[in-house]
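Sequence lines, in order, name chains D and P.
Just so you know, our numbering puts 615 at position 615 of the first sequence, and the rest follows in order with no gaps.
Just remember that our numbering sits 1000 ahead of the position in the second sequence, which is counted from 1.
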Amino acid sequence: MLAAARERRSALLIAPTGGGKTLAGFLPSLVELSEAPRDGLHTLYISPLKALAVDIHRNLTAPIEEMGLPVTVETRTGDTPSSKRTRQRQRPPNMLLTTPESLALLLSYPDAEVMFAGLRCVVVDELHALADNKRGELLALGLARLSRFAPHARRVGLSATVAHPAALEAYLSRDGRPGTGDVTVVRGGAAARAEVKILLPDGALPWSGHMGLYAIDRLYAAIQGAKTTIVFVNTRAQAELIFQALWHANEDHLPIALHHGSLAVEQRRKVEALMAQGGLRAVVATSSLDLGIDWAAVDLVIQVGAPKGSSRLLQRIGRANHRLDEPSRALLVPANRFEVLECKAALDAVNAGELDGDPPRPGGLDVLAQHVLGTACAGPFDPGALFAEVTGAAPYADLDRATFDQVVEFVRTGGYALDAYERFQKIIRRPDGHYELVDKRAAQSYRMNAGTIVEATTVKVRLGRGRVLGEVEEYFIQMLRPGDTFLFSGRLLTFQDLRENTAHCTPGGDGDPAVPAYAGGKLPLTTHLADRVRALLEDPDVWPTLPSPVEEWLELQRWRSILPRADRLLVETFPRADREYLVAYTFEGRNAHQTLGMLLTRRMERMGLGPLGFVATDYVIAVWSVKPCADMDTLFDQDMLGDDLEEWMAESSLLKRTFRTVAVIAGLIERKLPGHEKSGRQVTFNSDLIYDVLRRHQPDHILLEATRQDAARGLTDIKRLGELLVRVRGKIDHRRLDRVSPLAVPVLLEIGREQVAGGAVEALMQDFADDLVHEAIGGDMQASLPL
Amino acid sequence: MPMLDLMGGAADGPAMTDPAAFPLNGARLCADPSGVLLWPEHRTLIVADLHLEKGSGFARRGVMLPPYDTGATLTRLASAIDTHRPARVICLGDSFHDPAAASRVAAKDGEKIRALTARTDWLWIAGNHDPAPPADWGGAVTDTLVDGPLTFRHAAVADTAPGEVSGHYHPKARVRARGKSVSGRCFVTDGRRLILPAFGAYTGGLDVGHPELRRLLARRFEVFLLAAGRVWRVPGSKLMTPARV
């Protein structure tokens, strides 16, 4: 690292967690500054977590003070007081520790050029957690801007081991492409070997379910046997349930805490501090603890529920035992039979050192729009120069000029075919071709709305007149009636009422509590693990390494039907209770399966088969209908990705949700209007209404384009689905059975928990209306009518 | 075509069996899935809160909402008028989003408005957003209209005689079915007064459980919820708790 620094080259350090990476990133700067003390900003450190910046600040300040080095270090985050923020812009410290969002804000001020002119080094920590998402895209654009102000500043990226290191190299490279030679790649030592085992129950292995509650006793025993344990789960709802169950099992009154992203920040900081002091025996956590400060005391990591991907699992395992001389210890707790296969696949992948992760994707146009406006806030810009700068950022390396111009046009007037808004333009094209902000108030609005993290609309959960426990999605609260109970923050609460933005609750209560679920909380199974699961199923020789109930289950499947083959698609059909079932073993993850379910039911409708519903898991898709389907080649023909997809996508709530995010990031709708901070609602305009109108009147609008791009790789996973349909063409094994096969049992048990087919809203309303009629026959409805 | 019958229908015609037909102070009314109200005996179509040029109203403040809302709203209204062929149209106020909105209407949309007002008797009732609806689009302008058993005004008045028909509140309602919730714009009535849903493309809504709305309604009320292209009649007691108080 020091060698790269002496040559003034950028560097990418890839090392497992706990290797002292962060210090390695700072060392060259400390050496430079102690050899040649100076005023002004020298090194910018960017971390995805505020807490990490604060922690690094503490860890840097101590040795600097001890050694008496002439180096000033400060943090700058959303929590920094505004007086200090102003002072930091005028007289910056030598080292500034900040986040991607705070950097974007700094760059939107006219004095940014002066502030960053003397910058020598930019350190990006946890680069792997930024490079493939919108925060990383915003940061990449920010880095490109910094290069303009400080052409000689070198970039240092610190990353965990990843599947696509070339993508990170490109990210750090000045022209946004890998292999151009301006980045030295340094590899840290290999990770300490991890001892990973699958924890199985004493009794029967569940057929379905994702919570893993059956394993609580063994989980508790494992916690008892370790010094400090992190229990990772997949969703916030699961965290609440596991925590509750552990609490009931906690005969020894061990200090066990709960940590997830919906809990109040103060609560989370308290738990983190307790962990750091060694005051806890276990913490139940979601991805909220995937990144963060290292806790030396953790000697066991437990993953409850399927790991979903080997990189994610490896990262979680790496949270244990940061001492390189000892292996990390980890336990996997599958929640059902398919998850046993997935855990086995993940374990094999970890042992083989194989990682997964999506290849780099083109940057979002919504993020680019935000950056263009931010740039205009700092001062007039030349579109040609900005285009050149932007294409130096890896996510935008392949952006074409026409699309860039469309984005600028969007920022100027909204980018509509109807030039109705000329007189309201936000940025104006001057005679010299440069764009300039028309009204300086737009800069204020930009600064209040910058950033790429768009939360769902949430309401605060307040206990009595006391403190706020955290926030839940508005949607969840809308489903509760006063007096209903729910689990949150590890407590049983009774919902009383909703006033302004707060759900008022009282402790305790009766009845079956609800558990808040969060949209998009579930990650789909990665392609890599899916391949491994397929290989496991295909190869009876490895079955004996599986737990015996699973082995027996697969043997039974071989006897009653066949096993899915890795290079083909198995589809089973069978009658059951006057319905016809179709189960396809696609293994493409929940999101792709949801999309497939919608498309299959549409096509079955047209084939006259009377589809009634479908259910999608990470592994399979099941559809039920009035009549059986015989023609699988037609049913699974890839042309379903044409009109049906277009039509369904357009009406889909998934797309509306994606559009909302895109519209907020792009600045079409504002989270906050200046002077209206207290109006409550985070998003000031219902984005569904805009979506409907825009789709009908300008379907090729740049934000709809951005929405489709996002949806194709996110919630709908169309890309993955498309690849599946191509792969299995002409390779479908259809088995007509007289009853359900052993492998199909788990998905049938999911029916009822999942979604209905076709025109969902109409079906739901019909159900509701039928219920009303039933009640009416009971006699009480007429009485309640005012007529 | 069948709606033409409905408009001129006999006293015991199909209107009474229509799930969306209901009486108000002796007048027989019908909630249409498009969001307009029909009064067949008087061949009248009533619509509330068009909020024309709301998009450009936001654009003035730098929020560039798609400029297609006026066109979209007028197209839907024209289609409802084509279907039901009323002799009279009453717009219950807030037809224009703000006093300057009329000056922002694009020429093409302006022609659409004039074509509509030329087809039937047309009445603009003044609203709080458009206290003085511009007179140059055709049609007549008034604050309140009393016609037989019904009184038409923009916003409901607390103590008033039965038969009031108004808009202003943009009522919305939410039901729960199979563990999921469905929400939509709605008509709401307690048998004495009726409040119409907002018709404009960019008009949001206020839950009928909100105190502002509840205080106007008797304890027992019902809504006609617009969802999936149909009208669903639901007693107030079967609705979900308000989205927001």
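Using N, Cα and C, we set each Cβ at its ideal position, and we do this for glycine too.
Computed from a predicted model, the values in this text were never measured in an experiment.
Is it true that the CB of residue j sits closer than 8 angstroms to the CB of residue i?
| i | j | result |
| --- | --- | --- |
| P:R1028 | P:E1041 | yes |
| D:E126 | D:L96 | no |
| D:K21 | D:L168 | no |
| D:F636 | D:I732 | yes |
| P:G1236 | P:R1215 | no |
| P:R1153 | P:R1088 | no |
| D:V156 | D:V114 | no |
| D:A249 | D:G278 | no |
| P:V1223 | P:A1155 | no |
| D:V620 | D:V747 | yes |
| D:W765 | P:W1232 | The sequence given here has Met at residue 765 of chain D, not Trp. Result yes, Cβ atoms of D:M765 and P:W1232 sit closer than 8 angstroms. |
Helix or strand or just coil, what does DSSP make of residue i?
| i | result |
| --- | --- |
| D:I302 | strand |
| D:F685 | coil |
| P:I1195 | strand |
| D:K197 | strand |
| P:R1174 | strand |
| P:W1039 | strand |
| P:W1232 | strand |
| D:P63 | helix |
| D:S489 | coil |
| P:G1057 | helix |
| D:I256 | strand |
| D:D767 | helix |
| P:S1166 | strand |
| D:C343 | helix |
| D:D400 | coil |
| D:P383 | helix |
| P:S1181 | strand |
Please list, in chain order, all residues of the same chain as residue i whose beta carbon is under 6 angstroms from its beta carbon, the five residues on each side excluded.
| i | result |
| --- | --- |
| D:A5 | P28 |
| D:A789 | With chain D covering only 1 through 787, there is no way to say anything about residue 789 of chain D. |
| D:L314 | V350 |
Going along chain P, which residues have a C-beta under 8 angstroms from residue i?
| i | result |
| --- | --- |
| D:R696 | Y1068, A1072 |
Which residues of chain P have a Cβ atom closer than 7 angstroms to the Cβ of residue i, listed in chain order?
| i | result |
| --- | --- |
| D:E670 | V1063 |
| D:A442 | G1062 |
| D:Q478 | R1174, S1181, M1240, A1243 |
By Cβ distance below 7 angstroms, which residues in the same chain neighbour residue i in space, the five residues on each side in sequence not counted?
| i | result |
| --- | --- |
| D:Y214 | P201, P206 |
| D:P742 | W553, L556, Q557, R560 |
| P:H1097 | H1051, L1052, E1053, K1054, G1057, H1129 |
| D:V233 | A239, I242, V284, T286, V304, G305 |
| D:L107 | G142, R145, G374, A378 |
| D:L721 | E588, A592, T595, L596 |
| P:A1102 | F1096, P1134 |
| P:A1107 | none |
Applying a beta-carbon distance threshold of less than 9 angstroms, which residues of chain P neighbour residue i?
| i | result |
| --- | --- |
| D:F424 | S1056, A1059, R1060, R1061, G1062, M1064 |
| D:F486 | None at all; the shortest Cβ gap to chain P is about 14 angstroms. |
The alpha helix (DSSP H) spanning residue i covers which residue range?
| i | result |
| --- | --- |
| D:M632 | 632-635 |
| D:R602 | 590-606 |
Mind checking which residues open and close the beta strand (DSSP E) that includes residue i?
| i | result |
| --- | --- |
| D:I428 | 427-429 |
| D:S159 | 154-159 |
| D:V472 | 468-473 |
| D:P611 | 611-616 |
| P:A1126 | Here P:A1126 belongs to no beta strand (DSSP E), and DSSP marks it neither H nor E. |
| P:P1033 | Premise fails: P:P1033 is in no beta strand (DSSP E) and is neither H nor E. |
| D:M95 | 95-98 |
| P:P1023 | 1021-1024 |
For a contact defined as C-beta to C-beta under 7 angstroms, what are the partners of residue i on chain D?
| i | result |
| --- | --- |
| P:Y1169 | Per Cβ cutoff of 7 angstroms: no residues; P:Y1169 is ~16 angstroms from chain D at best. |
| P:G1110 | Going along chain D, no residue has its Cβ under 7 angstroms from P:G1110, so there is no contact; the nearest lies around 13 angstroms. |
Residue i CB to nearest chain C CB: under 8 angstroms?
| i | result |
| --- | --- |
| P:A1156 | Judged by its chain identifiers, the structure shown contains no chain C, and its protein chains are D and P. |
Please return the same chain residues whose Cβ sits closer than 8 angstroms to the Cβ of residue i, not counting the five positions on each side in sequence.
| i | result |
| --- | --- |
| D:R462 | V468, L469, T502, A503, H504, C505 |
| D:V390 | L141, A144, L368, H371, Y396, L399, F404 |
What in chain D is Cβ-close to residue i, meaning under 9 angstroms?
| i | result |
| --- | --- |
| P:G1204 | F685, N686, L689 |
| P:W1137 | Under the 9 angstroms cutoff, chain D gives no residues; its nearest Cβ is about 19 angstroms from P:W1137. |
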